[in-house]
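First up is the structure itself, then whatever we jot down about it.
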Amino acid sequence: DTGVSQDPRHKITKRGQNVTFRCDPISEHNRLYWYRQTLGQGPEFLTYFQNEAQLEKSRLLSDRFSAERPKGSFSTLEIQRTEQGDSAMYLCASSSAGGAHSPLHFGNGTRLTVT
Amino acid sequence: ILNVEQSPQSLHVQEGDSTNFTCSFPSSNFYALHWYRWETAKSPEALFVMTLNGDEKKKGRISATLNTKEGYSYLYIKGSQPEDSATYLCAPYMKTSGSRLTFGEGTQLTVNP
């Protein structure tokens, strides 16, 4: 078990470009979460998958954001037409089926800078 | 929007000092509280998951207490070490939250040798 891995670690892009991030959760975890963290703030919830089903999306997640988890394993988060306000650390986490009693296991995050 | 407050925002202590932080959250619809430690350049790491009023959990020199009736939790670090320097995040899980944890802004601890 190598933990949750995210790729890439850093991404610099120009405003208006599309970017895609990948998350590989712990293999036996069926729950997968995406969070976003900006400087001085705690992580903000973006979306949640149970297996391949996207069960919850934050209102923060505009139409430019889309997430998938096609086979219930890895997940991708795509941001279309990036804006400077999208610059943040994007964190992926996974947990087992224990719900609120199960701690989240986070990856190292992808730091996005939009210039 | 769930109001989660952590105080202080930042804290500088000397090696060997004991310290504590506070996490406040709404007491109604409470289900569980998570504490995480986030060291620079690493991923957030779970410290505790607490559910019952009066819960007290301990991991080495770090301990936490929970008061669900008044909506707060304390995190204590005994004999702080430089390696304790990190941001400590709390996140309540409410019955009305769906599947999301709502994180506070964190307390940034710096332990000076």
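If you read the sequences in order, they're chains A and B. Under the working numbering, think of the first position of the first sequence as 1, with each following residue one higher. Under the working numbering, think of the first position of the second sequence as 1, with each following residue one higher. Yeah, the Cβ is synthetic: ideal placement off N, Cα and C, and Gly gets one too. Nothing here was measured: the structure is a model prediction, and the numbers come from that model.
Contact set between residue i and chain A, taken where Cβ atoms lie within less than 7 Å
i: Pro-44 of chain B; result: Phe-106
i: Ala-32 of chain B; result: Ala-100 and His-101
i: Gly-106 of chain B; result: Gly-42
Identity of the residues DSSP links to residue i by a beta bridge
i: Ala-93 of chain A; result: A:Tyr-33 and A:Phe-106
i: Asn-20 of chain B; result: B:Tyr-76
i: Ser-58 of chain A; result: Paired residue(s): none; Ser-58 of chain A is not in a bridge.
i: Arg-22 of chain A; result: A:Asp-7 and A:Thr-76
i: Pro-92 of chain B; result: B:Leu-33
Chain-ordered neighbours of residue i on chain B, where CB pairs are closer than 9 Å
i: Glu-56 of chain A; result: Gly-98, Ser-99 and Arg-100
Three-state secondary structure (DSSP) of residue i
i: Trp-14 of chain B; result: Before going on, a small fix: residue 14 of chain B reads as Gln here, not Trp. Note: Gln-14 of chain B maps to strand in three-state DSSP.
i: Asp-55 of chain B; result: coil
i: Ala-100 of chain A; result: helix
i: Asp-63 of chain A; result: coil
i: Gln-17 of chain A; result: coil
i: Gln-81 of chain B; result: coil
i: Gln-84 of chain A; result: helix
i: Arg-69 of chain A; result: coil
i: Val-4 of chain B; result: coil
i: Arg-100 of chain B; result: coil
i: Gln-41 of chain A; result: coil
i: Val-63 of chain B; result: The residue asked about is misnamed: residue 63 of chain B is Ser in this sequence, not Val. Strand at Ser-63 of chain B.
i: Thr-47 of chain A; result: strand
i: Gln-108 of chain B; result: strand
i: Thr-113 of chain A; result: strand
i: Thr-87 of chain B; result: strand
Proximal residues of chain A, C-beta to C-beta of residue i below 8 Å
i: Phe-25 of chain B; result: What Phe-25 of chain B touches in chain A: nothing, since even the nearest Cβ is about 12 Å away.
Contacts that residue i makes with chain B (C-beta to C-beta distance below 8 Å)
i: Phe-109 of chain A; result: Inspection of the sequence shows that residue 109 of chain A is occupied by Gly rather than by Phe. Ordered by position in chain B, the residues that pass the 8 Å Cβ test against Gly-109 of chain A are Ser-43.
Within chain A, partners of residue i - CB distance below 9 Å
i: Phe-103 of chain B; result: Tyr-35, Gln-37, Gln-41, Gly-42, Pro-43, Glu-44 and Phe-45
i: Thr-51 of chain B; result: Ala-100 and His-101
> Of all the residues that make up the stretch 43-69 of chain A, which are near chain B by a beta-carbon distance shorter than 8 Å?
Replying inline: Those would be Pro-43, Glu-44, Phe-45, Tyr-48, Gln-50, Leu-55, Glu-56 and Ser-58, in chain order.
> Going along the chain, which residues of the stretch 18-43 of chain A sit with their C-beta nearer than 7 Å to a C-beta in chain B?
Replying inline: Here the close residues are Gly-40, Gln-41, Gly-42 and Pro-43.
> Where in the stretch 25-53 of chain B do unbroken runs of the beta strand (DSSP E), each at least 3 residues long, occur, reported from the N-terminal end onward?
Replying inline: Those beta strand (DSSP E) runs which fall completely within the stretch 25-53 of chain B and span 3+ residues are 30-38 and 45-50.
> Residues in the stretch 75-96 of chain B with C-beta within 8 Å of chain A's C-beta atoms, listed in sequence order?
Replying inline: Result list: Leu-89, Ala-91 and Tyr-93.
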